[in-house]
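According to this note's numbering, the sequence shown holds residues 27 to 277 in order.
Where a beta carbon is used, it is the ideal one built from N, C-alpha and C, also for glycine.
For clarity, every value in this text was computed on a predicted model and none was experimentally measured.
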Amino acid sequence: MMPFLNIRFSFIHRLTFAFNKKLKYSWIALFPLFFLDCSPKRHPKLTTSPLSNFVHIEQVIPDVLYEIRYAGRHNFIGRPIDGYKKSTAMLSVPAADSLKKVQCYLKKRGYRIKIFDAYRPQRAVNHFIQWAKVSDDTLMKREFYPQIDKRDLFKLGYIAARSGHTRGSTVDLTIVDINTGREIDMGSPFDFFGNISHHGSRQINAEQQAHRLLLKEAMLQFGFKALPEEWWHYTLVEEPYPTTYFNFEVK
Ligand SMILES: [Zn+2]
């Protein structure tokens, strides 16, 4: 009986994924929220990456929301980042599985997750480094790093030669209210370089603090750890590739 069930399950997911690809994900926001299967059973592996242990997040969480900043211009550089060929997000299978539990937990409370970034190829990190060396390229300074001298971005740790994202089990995300369809107020925007983005910042109000804690509580409960400097950034504690930095494209 089990093999039959697996075949049927796999077929439905393939069909969903093909439909999803065809409509370029625009239907995801409208997809009925109750379609997410929150049971602990394993999803089929429908890998389109060069690695058999990576998935697109929407394959595991069909109703996930995306705003993949590095695939477009609304990011701290102001241009699409190398290695992002498509507005999608990939993670290692264990990280995606844990994230699905976060989504289920939050949906019971009237929220859902929105992804800004997940697996990040090394060529994208290299793009950040090259950009950081050009001191007069400050197109997006006002929005993302108004109080920081671009030359200090390395020294202060906002940009580094290696990123946990490149290991495939780190994700940048926020929470959206299911009723309003809007992001809840976290006190500072994603990728804002400054103290206000730190966990425990005193520059934000009690409600904003509570919103950050809601995300943190959900993520920590299902195996992720936080980064003190960025409220949106989480890494799977038991990451499957703790020392491997990948370079395949996001597509
Ligand atoms: Zn991050």
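Assuming residue i and residue j make a contact with CB atoms under 8 Å, what is their CB distance in whole Å?
i	j	result
Leu117	Tyr145	6 Å
Trp258	Asp198	5 Å
Pro106	Glu275	Not confirmed; about 12 Å, so no contact.
Is it buried or exposed, residue i, if we count other Cβ atoms within 10 angstroms and call 16 or more buried?
i	result
Ala186	exposed
Val119	buried
Arg228	exposed
Lys48	Because Lys48 sits at a pLDDT of 41, beneath the cut-off of 50, its placement in the model cannot be relied upon, and the following sentence gives the value as read from the coordinates. Lys48 should be labelled exposed.
Asn273	exposed
Lys176	buried
Thr74	Confidence is the limiting factor: at Thr74 the pLDDT is only 48, short of 50, which leaves the residue's position unreliable, though a coordinate-based value still follows. When all chains shown are included, Thr74 counts as exposed.
Ser52	Bear in mind that the predicted position of Ser52 carries a pLDDT of just 42, short of 50, making it unreliable; the figure below should be weighed with that in mind. The residue in question, Ser52, is exposed, as its Cβ has fewer than 16 Cβ neighbours within 10 Å.
Pro254	exposed
Val202	buried
Pro58	Low confidence applies here, because Pro58 scores a pLDDT of 46, under 50, leaving its location unreliable; read the following figure in that light. Pro58 comes out exposed.
Pro268	exposed
Leu56	At Leu56 the pLDDT is 46, less than 50, meaning the model places this residue with poor confidence and gives no usable figure here.
Under 6 Å: does the beta carbon of residue i sit that close to some heavy atom of ligand 1?
i	result
His259	yes
Asp123	no
Asp217	no
Asp162	no
Asp178	no
Asp198	yes
Starting from residue i and walking both ways along the alpha helix (DSSP H), at which residues does that stretch end?
i	result
Leu62	Leu62 -> no alpha helix (DSSP H), and no H or E assigned at all.
Ala252	Looking at the DSSP string, Ala252 is not in any alpha helix (DSSP H); the run it does join, the beta strand (DSSP E), is 250 to 253.
Ala232	232 to 247
Taking residue i as part of the beta strand (DSSP E), name the residues at either end of that continuous run.
i	result
Met116	116 to 118
His82	80 to 82
Glu256	256 to 262
Does the CB of residue i have a neighbour CB from chain E at under 7 Å?
i	result
Asp217	Among the chains of the structure shown, chain E does not appear; only one protein chain is present.
Runs of beta strand (DSSP E) lying entirely within the region 139 to 196, each at least 3 residues, in chain order
List check, beta strand (DSSP E) in window: nothing returned.
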